[in-house]
Structure formats: C-alpha cells, structure tokens
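Worksheet: the structure to be examined is printed underneath.
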Amino acid sequence: MNDEKLLNKGYEFAEVEEKWLSRWREAGCFSATMDDGKPSFSIVIPPPNVTGVLHVGHALNNTLQDILTRYHRMRGYNTLWVPGTDHAGIATQNVVERQLAGEGKTRDDLGRDAFIEKVWAWRVEKGGSIISQLKKLGASCDWERERFTMDEGLSRAVREVFVRLFKEGLIYRGDYIVNWCPRCHTALADDEVEHEETKGKLYHIRYPYADGSGHVVVATTRPETMLGDTGVAVHPEDERYRHLADVGIRLPLTDRVIPVVFDDHVDREFGTGALKVTPSHDRNDYEIGLRHDLPRLKVIDDKGVMNAAAGSYSGLDRFTCRKKIVEDLDRLGFLEKIDDYEHAVGQCYRCKTVIEPTTSVQWFVAVKPLAAKAVAAVRDGRINIYPKSWYNTFYSWMDGIRDWCISRQIWWGHRIPAWTCNDCGELIVESEDPASCPKCGSRAIVRETDVLDTWFSSALWPFSTMGWPEKTRELATFYPTSVLITSFDILFFWVARMMMMGLHFMEEVPFKDVYLHALVRDKYGKKMSKSTGNVIDPLVVMKEYGTDAMRFTLTAFAAQGREIRLDEERIEGYRHFINKIWNAARFALMHVSDCAASVKDVVAAPRKLPLIHRWILSRTAVVIGEVRSGLEEYRFNDVASANYQFIWREFCDWYLEWIKADLFGTDRKAKEQAQGVLLVVLETIVKLVHPITPFVSEEIWSVLPGERPLLAGSAFPERQAGWEDPEAVERMELLMAVITGIRNIRSEAEVHPSAKIEAFVVCGDPEKGAFLSSSASAITDMTRLSGFTVGATLVKPADAATYICGDLEIFVPLKGLVDIAGELAKLVRERQKIEAKLIQVNGKLTNGKFIANAPAEVVAKEQEKKAMLDATLAKIGEAEARLKQSA
RNA sequence: AGGCGCGUAGCUCAGUGGGAGAGCGCCACCUUGACGUGGUGGAUGUCGUCGGUUCAAUCCCGUCCGCGCCUACCA
C-alpha cells in the first residue's frame, strides 16, 4: 500500500512545492538536450533587472513561459529556456548610489573603478533574489545556463556588435539634442522618457522689436529657456508677421538682438502664432535652428542649473529661475498674461525628474536600415505577433523611428569601446583595446567614458546568451527561438530592437512568434503601485494560496488583448480547484493503489466498456485536443478553462460519483474496468494540467501505482481518436438530463435527500425507453431513488411532482407532499419560457427567406428544435390539466 | 491630436453570425464512505446607446455615451 503517502485530507502545498523544487533540480530535468532528429523549442527569458524583486507581472510572464516550456519538453522537443538578468544600467547605479548616500558618500568620492567594484559587490550580495524567486515559481529554466548582460561572454558580443555597426557606418557620434536627466546626469533614449499630463502655465511674453516700433507676443511653458533664445519663428504665410522679415527682436532681460525666421513648423493657430526658438533646449527649436542657421546657446547645465550664459540668473536652479524670470518680466512690463495650461511633460522613466532637452555629444545608432529589416520580417510572416491588434502599433512606431541615442553618462554598463587620439584627433573603435593610435602612432589615446544604453545589450540577448559570435551548437539548435513572451510595454524598448539586431547579425529572426500579454492591474483596473497601496505581492500569494493556485489564476486571466484585473477572490477559487484535484486523486488512489499496470489495458477496446467509461474516455480525448490546440495558439485562458471544466464538472461531479457503485461493488469485472479507466483518465488529467500546475500534478503522479519517472519528463497526452464516441456522449447527456430532472423534483419538493422515493418516466420512444430502463441502477444510485420505472403510458397519480425534459415526462408520486399551487406555478413559468422560444423558432420556420437562404443543417436544426419544443409544450399542457383537475 | 482596447449576472471576467456562460457572491436543502477548500437544486442579464448589413446580430459595419491605455516634434 502506498496510499499512506496521500493521507493528507487537504493539499498542503508548502512541503510539496519544496520537495519537487529540489527533486527537479537534482534530476536535472530542465537541462536542455540537443539530440539530433528532435524538433527544438526555445525561449529566452525577458531578463528581469538584477535589482528587481518578483512582482505579479513577472509571475504572469514566467508562468506563461513555463507552461509552453514544460509542454514542449513533455512533447519530446529539445527544449531550452534561458534564464538571466539584466544589469539595468541606470536603475542599478541608482540603487548603489542610494546605498552610498546612506554612508554620506557620492560615487565621485569613490571614483569610477571603485564604484563599479561596489556595484559588482552589490550584485553578488543582493542581485540574485529575483532568480531564486523565479525558481520558487517553478520556472523550468535551464538554470545552469543563467546569463547576465554584463557576463564576459555577453560583454564580448556587445563589443563585437558595436564595432561592426561602427565600421558599417551604422553607429556614429555627433552633437545633437537629446533627452537629458539632470538627476541621473545622463542622456536618455526617446522611449525612456515618460510623458505625463501636467497642469502648468502658458506664459505670454512681449518680445519688443529692436527698433522699438512694437512687439510680438510669444507663448511658452518654460520662460527660463528664453535666456537661450536665438530667434523667433513665425509661419511663412502668416500675414500678421510679414513685416518682421528685416526687424530684429530685442530679447528681454538680455541685451541680445535675435532674428525672426519663417518656418512651416509654426502653427498659426497656436497662441499668437509666434514661437520663441531655443535650439539648445527644445527638440523642435533645435530643428528650426538647424534649418535657419541659428546659433545654439546653452543656458542650463547638466545638473539643471542655469550656467554662466544665463548672466545674472547663473547658479539658479531651472525652476527657481523660472519664477525669478516671470517676476522680472512682470516688473518690467514684458509679461502679457499667464494662462493655465495642461500639457505633457517628459520625465525620466527611472527617477521621474523632468527631462531637460539639451545638446551634447552622444553616440547614435542609425536605425532606419535595421528597422526596415524588422518590418519586412513581420510583414512577410517570419515573425508573428499575438494578439494581432499590435501589428498596426508596431508598424506605425517603426515607421516613425528616429536614431537611437545609445550613450549614457553613467558608470555602470558596457563602456563604449572608442578611443580618441590626443595628438591627431583620430577616433579609434576596435574589438581589442588599442595601445596606440593606428594613424599617428601616438600613445596618448583616451577612452570614451560613456557606457551603452542597457537595451543595447539586451537587444542581443537571443544570440548573445547562446555564445555568439562563436558558431555554437546552441545557436545551431535553438536559434531562432520559438517564441518571445513579454509585456507589451517593452515592445519597442526591447522586442523591436532584438528583431533589428537578430536580423542584422544572425541574418535570421530572433523568434518566430511574439506573444504580448497585458499588464496586471488591480481589480478596479488601476496600475499596481506602491504609493497606491494596491500591490498584490506574488510571494505573499504563493505563501497563502500556493504556487499552483497563483499560476492557475494568472493563466485563467491571460486572455489575449485584454487587461488583467487580478481579483484575490479568484485566486481563492482556484486554490479550491487545486484542492479538488488533490482530493479526486486521493479518492482514486484508495481504489487503484494496488492495481497492476495491466488494468489500464481495458481502454484499448473502449467500445466494449460500459457507457460511463466510453463517455469519460471520449470527453478526455476531446479535452486533450482542446488543451493542445489552446497551447499551440497561445489561448492560455482557454486551456485553463478546459482543464477546470473537465476535471471538476465532468470527471469529479459525474464520473467519480457514477463509478463509486462499481468501485465499492462486488462485480469483479465492473470493478476492474472502473479501476483501469479511472487510472488512465487520472494519469491523463495530471499530465494535462502539469504545465500550469506542476507541483500538485507531480505529487499526485508520484504516488500513482507503479514505478514512475518524473512527470516533468513524461510524455504529454496524445489525442486518442479511438476514444472518441459521440454516441456515448449523446446517451450520457440524456441520462444526465433525467438525473438532473429527478434531483430538481426532490429539491423543489423539499424531499429530504435520504428519503427513499420512486420516480417514473413517460417515454413514447421504445428504443429510448429501453435504454433508460437499462440504466435504472445508475439513475437510482445518482438520485437515491428506491425505484425507477419507464413506460410508454403510465398513469400518473394526482399527488405527483413533475419535470418535463424534452419529450420525456418525469414524475415522482409524493403522497400529500405536493404543493399543487407551487407545481402549477412552476409549470406556468416553464410553459412561458417554451412558448417564447417557440415564437422565435416558428418565426424563422415560417419565413421563406430563412428556408431559402439558411444552410440546410441550420434549417433542420430549427425543425428539430421545434419538434422538441412542441413535445415539451404538450407534456406541460397535460401536466397542467392533471394538476388543475386534482386541485 | 492620432491610434488601440473595453463596456455581457451584484463583483471579476470568458464566449459565439443561428438555443446567453464561468468563478466568487446570493437563496434553499444536505455530516450522501475524496473533498464543507465539499454536494444538490435555484434566482439573477433589453450582452452600453441608436442605426445599418443579413433570412438571422450580443457577435460584422457606422454613430453616440462612458471608461482605460498607448503614441506624438500640443510652443
């Protein structure tokens, strides 16, 4: 007997999870195989920030990846799921800087090398927590292949890519306007800037003509930038300003005279139609400046403080300066008016500091040619995006893509492999560190201090993790990867760039499918955030409800194209489901724990089995198909639902209850058949749910009779065509309807469940009647009847409760127990429902156009429906008449 | 400004061109030899609005109302 292993009445997930986590690790069953002749399935994890802690978005993301990985591994694929973390340049540097601040130090106190050492030390000490949390989730990554974007190998790939792109002319250095974060002291890429609607002011300022003959009013939200104005722009066709062609503007608060330029960019409708131009602190103004040869004048420094060019305002913080400027303008009569104004203000995505657009020397990737390859790959179907709704967004974003600023003025990251020769000014970009200038031989060469954007290294992730630029076996086996699963918010940060880099360097897509899932929100649809206090912590959920319950919940919520509003009550509901599986298995085990493997042979000839077994096998076959197709098509919620409905509503509620009679009975053959089918179906169920709920399924599997290798390494069920049996399904549905009818009568008439009563079925169809008669014992078992009689014509006593079920009439004599008025009311309600349906059906059937245009099978179905409804109505009429008579 | 998505049972959500579903909640009954984290039965919906296409619309198309998100060179 090994059922003592399953003695626990409730599923105790904590110990089970811990047990299997270590068993799986010991067995090494997540290690990738690279066997010839097998198909391959591979995923690279979206590397979480090394500073990260597991949030519910990670939980969702990795649950979905794990489901697919486990599924394909069970299908016998060479399966690889590469785990790892991202060095997360700015984020990590910020964390360590905060730590230093606690010690009263800054990174400058340490110096670059010591600071970087400190970051590495931090990473060793604290950086691994997200990895151990992913392991707890059950993620079946090949953990021995864990990568870090600053690993030696990955760093080499980064450098190789940088050098090649530079030599191809796709990386260049230049002085352009960039998004500058004055707090992080670094440039940011366009997509690292978040735009937040902000209530601000629109200041209208009078700019007098140089000759004193009048003024033009300009509107701005950022008056402090006026100190850097080098022009005023108006629309070339704006009649109001034609005369300004040769008139200069005397810039208030300064002694400078600036020109008026004519540019299409100006919107005549906005404000006064006149625009102050600050080429050094506004992206548009920068462009206008270029077009009209306006000088650039920086007035704000790297820290967001007004610089020497700001004259008397020098040294003021930019926002303090704004106030001062407005006061001064007002005092001197230059301020026309101030309007309230709501507009989008760019913020640093890391620290939320307001971005200061500034010109500076930065490195860029010329992305247009790379983007074109990515777009082509998506257009011709080499890459599929799920859900489809993202195609348009993808194309329009790629269409408007601008060069990617990849240099960051921080210390933590891949340092740009470029040197400048102090003697001849040569720019040197090489894979190996140069000792001297290749042009003039000088040894006075200085390395670039900037590092690369974090996303530069993660863009290479699908091939850098597999050993590129070497031609490795991993690349040959697993590149391109099968699918990328990620949240839609990094489609452009990351997904698009992987496409570009993969196509350029591997000359092949990095993944065949992209599945974009939603953000997890709270049940009111709000983003989870610490400040709102609505965060659901997956670690807490796992502890409280079990990891399987959380995984199942997330899977059930993962419907394509829909946001996920996580409701804790749903998690609780699915915990009950996990417990239900557990108990079903526990029950089954009581009856099959000693069985020899040969009991399962009965399923080889399902047609020889009693109806109930034919039915459950048929349903099992169909559900296997549903689960498989759902997984193939990323319909995770359908997979969860198919499992849920099948296991609880069909396997537990009907099948297990039904076969109890055989399992407890004395008929040896019936018992063995039940044991055999039960075992087969239970094994199948456990395999079907394993990708979603690996722990409970592995535990159950381990205690089923016989020697069993790990479920994680077992074969996923194949749809068994031989089990499919539509006739059995139809027959069972009839029995279920009759049983439900009898239960309904008992419940409505408030007959105590243990009270033995008798039921009668009036059935005009002899074949059907015979079938019902032959099923009498099952029916009486399932409804606790003392007798069940079927007849073509039965005399119905007045004191009987009735249930109409199509062309069948079920009645139960209840001496003196029948509430005639109640019964009558029930029948009237029923009749009204049927009549309403009949009106619909008759409407169709009497409509010539319907008969003419609808497919024949639809018409036939309607006719069948009508016949059924008519029969039901007749039965109801008879029953009503009888009740009235006896009343 | 443009784009996308969503409005289905009290709540959280599935779903489909031809008889409206699940979970939770609610009502009634039940210590039925796995499970009260359970069982049985039940109630509850003009499938947001108005119009169009169709023999047939909750589903396809358009309008409007409400909500959410994303993108943008909105001074």
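Using my numbering, you'd call the opening residue of the first sequence number 324 and step up by one each time.
Glycine included, every Cβ here is placed at the ideal spot set by N, Cα and C.
Only counting the same chain, and skipping five residues up and downstream in sequence, which positions put a Cβ closer than 7 Å to that of residue i?
| i | result |
| --- | --- |
| alanine 920 | Gly1029 |
| isoleucine 1174 | Val1182 |
| asparagine 325 | Residue confidence is low: asparagine 325 scores 40 on pLDDT, short of 50, so the model does not pin down where it sits. Its coordinate-derived value is still stated next. Counting only Cβ-Cβ distances below 7 Å, and skipping sequence neighbours, we find Ser916, Val1026. |
Suppose you measure from the CA of residue i to the CA of residue j; what does that come to, to the nearest Å?
| i | j | result |
| --- | --- | --- |
| glutamate 335 | phenylalanine 969 | 23 Å |
| methionine 789 | valine 818 | 18 Å |
| alanine 1144 | glutamate 1153 | 14 Å |
| glycine 1129 | glycine 1110 | 22 Å |
| tryptophan 971 | arginine 909 | 14 Å |
| alanine 811 | glycine 537 | What sits at residue 811 in the sequence shown is phenylalanine, not alanine. The alpha-carbon atoms of phenylalanine 811 and glycine 537 are separated by roughly 53 Å. |
| serine 805 | valine 447 | 31 Å |
| asparagine 384 | aspartate 860 | 15 Å |
| serine 759 | leucine 750 | 12 Å |
| glycine 825 | lysine 794 | 14 Å |
| valine 1003 | proline 362 | 28 Å |
| alanine 632 | lysine 626 | 15 Å |
| aspartate 904 | aspartate 358 | In the sequence under discussion, the amino acid at residue 904 is isoleucine, which differs from the aspartate named in the question. Using only the alpha carbons, I get a separation of about 35 Å. |
| arginine 398 | valine 922 | 25 Å |
| lysine 1156 | isoleucine 1162 | 10 Å |
What would DSSP say about residue i, mapped onto helix, strand or coil?
| i | result |
| --- | --- |
| asparagine 502 | strand |
| asparagine 325 | Reliability fails at asparagine 325, whose pLDDT of 40 lies under 50, so the model's placement of it is uncertain and no value is given. |
| valine 622 | coil |
| aspartate 1193 | helix |
| histidine 381 | helix |
| threonine 415 | helix |
| alanine 767 | coil |
| valine 1246 | Shown here, the chain extends from 324 to 1210; a query on residue 1246 therefore has no answer. |
| glutamate 867 | helix |
| tryptophan 713 | helix |
| serine 1097 | helix |
| cysteine 975 | helix |
| glycine 612 | helix |
Leaving out the 5 sequence neighbours to the left and right, which residues in its chain are closer than 6 Å to residue i when beta-carbon positions are compared?
| i | result |
| --- | --- |
| tyrosine 897 | Ala872, Phe875, Thr876 |
| tryptophan 791 | Ala480 |
| aspartate 1048 | Arg937, Ser941 |
| phenylalanine 1083 | Thr1112, Leu1117, Phe1134 |
| lysine 449 | none |
| aspartate 586 | Ala556, Ile611 |
| threonine 777 | Ala411, Gly412 |
Going along the chain, which residues of its own chain have a beta-carbon closer than 8 Å to the beta-carbon of residue i, five neighbours each way excluded?
| i | result |
| --- | --- |
| glutamine 1208 | Ala1121 |
| proline 710 | Leu839, Gln883, Gly884 |
| arginine 844 | Lys850, Met851, Glu886, Ile887, Arg888, Leu889 |
| valine 832 | Ala700, Arg705, Ile706, Pro803, Met822, Gly825, Leu826 |
Suppose contacts are defined by Cβ-Cβ distances below 8 Å. Is residue i in contact with residue j by that definition?
| i | j | result |
| --- | --- | --- |
| leucine 1034 | tryptophan 1024 | yes |
| tyrosine 978 | phenylalanine 900 | no |
| valine 555 | lysine 599 | yes |
| arginine 404 | threonine 386 | According to the sequence provided, residue 404 is tryptophan. The question's arginine does not apply to it. Contact flag unset, no. |
| aspartate 301 | leucine 576 | There is no way to answer for residue 301, as the model of the chain reaches only from 324 to 1210. |
| methionine 821 | proline 785 | yes |
| leucine 658 | tyrosine 526 | yes |
| threonine 601 | aspartate 608 | yes |
| threonine 1007 | isoleucine 1065 | no |
| aspartate 465 | serine 354 | yes |
| isoleucine 1015 | threonine 809 | no |
| serine 683 | alanine 510 | yes |
| phenylalanine 880 | glycine 461 | no |
| leucine 1001 | alanine 911 | yes |
Any heavy atom of the ligand FMN closer than 7 Å to the CB of residue i?
| i | result |
| --- | --- |
| phenylalanine 959 | Judged by which ligands are present, the structure shown has none, so any question about the ligand FMN falls away. |
Meets three-Cβ-pair contact criterion under 8 Å: the stretch 935 to 946 and the stretch 975 to 989: Taking 8 Å as the limit for Cβ pairs, the verdict is that the stretch 975 to 989 does touch the stretch 935 to 946.
Segment contact, 8 Å Cβ cut-off, at least three pairs: the stretch 1114 to 1130 with the stretch 1067 to 1080: The way I'd put it, the stretch 1114 to 1130 does touch the stretch 1067 to 1080; three or more beta-carbon pairs between them come closer than 8 Å.
The stretch 727 to 742 contacting the stretch 468 to 484, beta-carbon criterion three pairs below 8 Å: Yes, the stretch 727 to 742 is in contact with the stretch 468 to 484.
The stretch 348 to 367 in contact with the stretch 1040 to 1055 per 3-pair CB rule at 8 Å: Proximity of the stretch 348 to 367 to the stretch 1040 to 1055 falls short of the contact definition, fewer than three beta-carbon pairs being nearer than 8 Å.
Sufficient close CB pairs (3 or more, under 8 Å) joining the stretch 542 to 555 to the stretch 616 to 628: Below 8 Å, enough C-beta pairs join the stretch 542 to 555 and the stretch 616 to 628 to call them touching: three or more.
The stretch 726 to 735 touching the stretch 771 to 785, judged by at least three CB pairs closer than 8 Å: The stretch 726 to 735 makes contact with the stretch 771 to 785: 3 or more CB pairs, one atom from each, lie closer than 8 Å.
Validate contact between the stretch 681 to 695 and the stretch 495 to 505 using beta carbons, cut 8 Å, 3 pairs: Touching, yes.
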